[in-house]
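Engineer: Residue numbers (my numbering): 29 to 703. Even for Gly, the Cβ is constructed at its ideal location relative to N, Cα and C.
This is the structure in structure tokens:
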């Protein structure tokens with residue numbers, strides 16, 4: 029039996045049995061059992077005196093013989109019973125090289141290591157996995173106390189101990205294969221021999237208890253566990269949380285009557301619908317508490333196509349919840365992008381699609397309950413009549429649409445953008461500058477056109493204006509103009525039956541609707557009005573809806589989707605190749621150009637409001653700054669695996685990441701703190 033090295037508080041042979049008992053009490057169940065099956069070294073207690081400088085100076089050498097001798101494979105240690113999350117960065121060096129190469133901004137891992145672990149930076153093995161473990165505190169069964177620790181790979185156990193001693197750190201020996209040390213920033217750490225890719229590990233937490241509980245598992249067993257293959261993975265398990273807190277979920281049912289007492293309004297139609305929905309949501313929440321299995325996050329750097337992929341997985345087990353049944357039904361709907369998606373304009377800055385809904389019956393009760401609550405709310409507000417009933421009925425019909433759908437947004441040519449007067453507020457100007465929005469649905473049998481017409485009918489009814497003005501105490505709201513409806517003009521070249529809705533404000537109306545018109549009129553002189561158009565176009569079994577401030581632009585996009593000309597559609601857009609083959613429930617894309625156009629517009633309005641002359645980004649700011657012009661699609665998709673597991677995936681190509689970094693620098697350079 030070895031005794032402690034002289035740089036650690038000494039013990040005698042008589043002390044060893046008592047010390048061993050204390051050590052076992054701390055770590056529980058012999059969590060630091062060594063391959064030889066014998067405990068060596070020293071434990072310590074809360075009453076131990078810290079090592080004094082005199083004791084440290086008496087150390088004859090920085091490295092002792094047992095610290096340099098390998099201990100062989102370590103015995104596996106079971107995971108803490110209430111471990112509910114683990115995470116891993118498989119190769120920090122490789123990942124940082126990939127990301128820094130794409131964005132052309134170096135990621136200095138060595139500098140971070142030196143700052144986080146001074147004195148040990150040279151011993152950190154940057155190409156080995158970094159692990160994280162999170163568990164509920166076994167010593168606090170009645171409290172939601174969480175233990176969290178990070179495990180950093182080290183090149184050599186003995187050299188790491190030597191480096192800490194050379195820096196003057198006080199080491200407390202726990203066993204032949206582990207030392208406790210307090211580092212900067214209140215880090216409580218254990219240096220331990222380990223299995224796996226690194227022969228030693230530095231396990232740190234913000235409290236000693238956490239690091240003592242988690243280190244045996246994180247050094248002996250976690251390094252050799254096979255987690256989902258990915259450069260970064262986070263795996264959250266529901267079972268430990270369910271065992272600890274599952275019974276408390278029943279309080280959801282107890283809270284339903286209390287909630288209903290607060291949200292009921294005295295209208296039977298509204299109150300019954302809300303009560304039905306609340307009870308259903310409570311039952312669904314309890315079912316999900318029993319069925320949730322795990323939540324997984326995966327981040328992968330794909331060198332073949334130079335992209336960064338993030339996947340979010342939500343797994344269920346069981347067959348009681350509506351969510352589970354809905355996911356299983358939608359899994360059968362997975363398919364490549366439908367033909368309607370490929371007709372979307374090729375210059376779109378964002379867009380997406382949804383596959384055909386084969387089982388709409390599961391959604392209809394939800395739609396019916398929502399519309400009943402909506403109807404009751406209208407009755408409560410005194411809003412009755414044919415227009416309101418038509419909106420209720422047409423909203424129910426929307427729930428019956430099963431055909432695939434698609435949508436897109438795009439920017440108008442910059443010299444043709446229409447900006448709403450700033451007096452309407454930042455968001456109105458932001459919206460008006462977007463250019464166009466476009467959506468289409470297959471086989472809706474006119475339900476979409478009916479719903480738009482019903483919505484406009486309610487908007488044009490004077491009752492809601494009076495009620496809104498009364499409740500908000502803004503009398504000018506009664507002067508909101510109506511939306512006009514007419515057939516699309518022949519000069520637009522759109523099919524017969526296309527409807528044109530227009531909302532217009534004259535300069536005088538804009539001032540009238542402003543809550544502070546006198547001040548606003550001086551700050552922003554109103555010289556032009558504002559127009560917003562919606563075009564609803566039938567296309568055989570499809571319905572297309574386009575909206576924006578430029579009627580001519582909207583008509584041009586609608587004519588393009590009618591012809592489906594590949595040269596002008598998403599069919600010719602590079603970066604969407606995955607849409608042709610991947611079977612998904614829905615997919616989407618967006619671009620950096622759209623993001624920075626929004627940021628630039630918002631910043632421009634803010635600067636003009638402060639009286640600055642350089643309020644707007646110059647025309648060439650982004651085109652010159654972004655090497656790929658911000659047009660590379662960033663992709664998102666939704667897939668469902670048996671089980672079921674819902675996966676949400678995001679793919680960021682390197683070209684998009686380059687543009688994101690360059691555009692950010694360009695915006696900051698012009699606007700600085702004004703953003």
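Note down the Cα distance separating residue 688 from residue 661, rounded to an integer number of angstroms.
Structural biologist: As a working note, residue 688 is residue 660 in the chain shown. As a working note, residue 661 is residue 633 in the chain shown. Distance between the alpha carbons of residue 688 and residue 661: 12 Å.
Engineer: Judging by CA-CA distance, which residue of 472, 437 and 464 is the nearest neighbour of residue 428?
Structural biologist: Taking the first residue of the chain shown as position 1, residue 428 is located at position 400. When each option's Cα is compared against that of residue 428, the closest is 472.
Engineer: Under the three-state reduction of DSSP, which class applies to residue 247: helix, strand or coil?
Structural biologist: Translated into positions along the chain shown, residue 247 becomes position 219. DSSP places residue 247 in helix when its eight states are reduced to three.
Engineer: Residue 229 lies in the beta strand (DSSP E); which residues open and close that run?
Structural biologist: The residue labelled residue 229 in the question sits at position 201 within the chain shown. Per DSSP, residue 229 belongs to the beta strand (DSSP E) from 228-233.
Engineer: Give me the DSSP bridge partner(s) of residue 323.
Structural biologist: Counting from one through the chain shown, the residue named residue 323 turns up at place 295. Beta-bridge pairing links residue 323 to 264 and 342.
Engineer: Count the other CB atoms, across all protein chains shown, that sit within 10 Å of the CB of residue 298; report buried if there are 16 or more and exposed otherwise.
Structural biologist: The sequence position of residue 298 within the chain shown is 270, counting from 1. Under this definition residue 298 is a buried residue.
Engineer: Can you check which of these residues, 178, 263, 293 and 417, is closest to residue 236 by C-alpha distance?
Structural biologist: Taking the first residue of the chain shown as position 1, residue 236 is located at position 208. Out of 178, 263, 293 and 417, 178 has the C-alpha closest to the C-alpha of residue 236.
Engineer: Looking at the C-beta of residue 507, does it have a partner C-beta in chain D at a distance below 8 Å?
Structural biologist: The chain inventory of the structure shown lacks chain D, comprising one protein chain alone.
Engineer: What runs of the beta strand (DSSP E), each 3 residues or longer, lie entirely inside the region 491-536?
Structural biologist: 512-515 and 527-533, all fully within the region 491-536.
Engineer: So, is residue 670 buried or exposed, given that buried needs 16 or more other C-beta atoms within 10 angstroms?
Structural biologist: Counting from 1 along the chain shown, the entry for residue 670 is found at position 642. Burial call: exposed.
Engineer: Measuring straight from C-alpha to C-alpha, what distance separates residue 521 and residue 528?
Structural biologist: Translated into the one-based positions of the chain shown, residue 521 becomes position 493. Translated into the one-based positions of the chain shown, residue 528 becomes position 500. Taking the straight line from one Cα to the other gives about 13 Å.
Engineer: Where does residue 170 sit, in a helix, a strand or coil, going by DSSP?
Structural biologist: In the chain shown, the residue the question calls residue 170 occupies position 142. In the structure shown, residue 170 sits in coil (DSSP, three-state: anything other than H, G, I, E or B).
Engineer: Let me check understanding here. Comparing Cα to Cα, which of 672, 114, 685 and 149 lies closest to residue 251?
Structural biologist: Within the chain shown, numbered from 1, the residue matching residue 251 stands at position 223. Residue 114 is the option with its Cα nearest to residue 251.
Engineer: Any idea which residues DSSP pairs residue 573 with across the strands?
Structural biologist: Translated into the one-based positions of the chain shown, residue 573 becomes position 545. The partner list for residue 573 (beta bridge, DSSP) reads 467 and 564.
Engineer: I need the DSSP call for residue 439, collapsed to helix, strand or coil.
Structural biologist: Numbered from 1 along the chain shown, position 411 holds the residue referred to as residue 439. Here residue 439 sits in coil by DSSP.
Engineer: Tell me where the alpha helix (DSSP H) around residue 612 begins and ends.
Structural biologist: Here residue 612 corresponds to residue number 584 of the chain shown, with the count starting at 1. Here residue 612 belongs to no alpha helix (DSSP H), and DSSP marks it neither H nor E.
Engineer: Please state if the CB of residue 539 and the CB of residue 509 are separated by a distance shorter than 8 Å.
Structural biologist: Position 481 of the chain shown, counted from the start, is the residue given in the question as residue 509. Position 511 of the chain shown, counted from the start, is the residue given in the question as residue 539. Not closer than 8 Å, so no.
Engineer: Within the continuous beta strand (DSSP E) that includes residue 675, where are the two ends?
Structural biologist: Looking up residue 675 in the chain shown gives position 647. Looking at the DSSP string, the run of the beta strand (DSSP E) that includes residue 675 is 673-681.
Engineer: Could you check where the beta strand (DSSP E) with residue 154 kicks off and where it finishes?
Structural biologist: Locating residue 154 in the chain shown gives position 126, where the first residue counts as 1. Counting along the chain, residue 154 falls outside any beta strand (DSSP E), and DSSP gives it neither H nor E.
Engineer: Checking 8 Å against the spacing of the C-beta atoms, do residue 410 and residue 495 come in under that value?
Structural biologist: Within the chain shown, the letter at position 382 stands for residue 410. Within the chain shown, the letter at position 467 stands for residue 495. Contact: yes.
Engineer: Can you tell me whether DSSP reads residue 397 as helix, strand or coil?
Structural biologist: Working through the chain shown from its first residue, we reach residue 397 at position 369. Residue 397: helix per DSSP, three-state reduction.
Engineer: What does the alpha-carbon distance come out to for the pair residue 25 and residue 675?
Structural biologist: Nothing in the structure corresponds to residue 25, since the chain is present only between 29 and 703.
Engineer: Quick one: give me the first and last residue of the beta strand (DSSP E) that residue 218 is part of.
Structural biologist: Taking the first residue of the chain shown as position 1, residue 218 is located at position 190. It spans 215-221 - the beta strand (DSSP E) in which residue 218 sits, taken as one unbroken run.
Engineer: Are three or more beta carbon pairs between the region 142-157 and the region 226-243 nearer than 8 Å?
Structural biologist: Enough Cβ pairs lie closer than 8 Å, so yes.
Engineer: With DSSP as the reference, label residue 131 as helix, strand or coil.
Structural biologist: Stepping through the chain shown from its first residue, residue 131 is reached at position 103. Note: residue 131 maps to helix in three-state DSSP.
Engineer: From the DSSP output, in three-state form, read off residue 601 for me.
Structural biologist: Here residue 601 corresponds to residue number 573 of the chain shown, with the count starting at 1. Residue state, collapsed to three classes: coil.
Engineer: Which runs of the beta strand (DSSP E), 3 residues or longer, sit entirely within the region 354-424?
Structural biologist: Segments of the beta strand (DSSP E) lying fully in the region 354-424: 378-382.
Engineer: Measure the C-alpha to C-alpha separation of residue 365 and residue 615 and round it to an integer number of angstroms.
Structural biologist: Taking the first residue of the chain shown as 1, we reach residue 365 at position 337. Taking the first residue of the chain shown as 1, we reach residue 615 at position 587. Straight-line Cα distance between these residues: approximately 8 Å.
Engineer: Does the region 350-367 come into contact with the region 381-388, if we say contact requires no fewer than three beta-carbon pairs (one atom in each stretch) closer than 8 Å?
Structural biologist: Yes, since at least three Cβ pairs between the region 350-367 and the region 381-388 fall closer than 8 Å, the two stretches touch.
Engineer: Where does residue 117 fall in DSSP's three states?
Structural biologist: Sequence index remark: in the chain shown, residue 117 carries index 89 (1-based). In this structure, residue 117 counts as strand in the three-state DSSP scheme.
Engineer: Please classify residue 286: does DSSP put it in a helix, a strand, or coil?
Structural biologist: Locating residue 286 in the chain shown gives position 258, where the first residue counts as 1. Residue state, collapsed to three classes: helix.
Engineer: Closest to residue 583 by C-alpha separation, out of 140, 515 and 658, would be which residue?
Structural biologist: The residue given as residue 583 occupies position 555 in the chain shown. The candidate whose alpha carbon is nearest that of residue 583 is 515.
Engineer: Whose C-beta lies closer than 7 Å to the C-beta of residue 420 among residues of the same chain, with five residues either side of it excluded?
Structural biologist: The residue labelled residue 420 in the question sits at position 392 within the chain shown. Counting only Cβ-Cβ distances below 7 Å, and skipping sequence neighbours, we find 399, 402 and 403.
Engineer: Considering residue 665, what are the terminal residues of the beta strand (DSSP E) in which it resides?
Structural biologist: As a position in the chain shown, residue 665 is number 637, starting the count at 1. Run containing residue 665: 662-669, per the beta strand (DSSP E) assignment.
Engineer: Roughly how many angstroms separate the alpha carbons of residue 485 and residue 512, rounded to a whole number?
Structural biologist: As a first step, residue 485 is located in the chain shown; it is residue number 457 there, counting from the start. As a first step, residue 512 is located in the chain shown; it is residue number 484 there, counting from the start. Those two C-alpha atoms are separated by around 10 Å.
Engineer: Roughly how many angstroms lie between the CA atoms of residue 435 and residue 265, to the nearest whole one?
Structural biologist: Locating residue 435 in the chain shown gives position 407, where the first residue counts as 1. Locating residue 265 in the chain shown gives position 237, where the first residue counts as 1. So the alpha carbons of these two residues sit roughly 36 Å apart.
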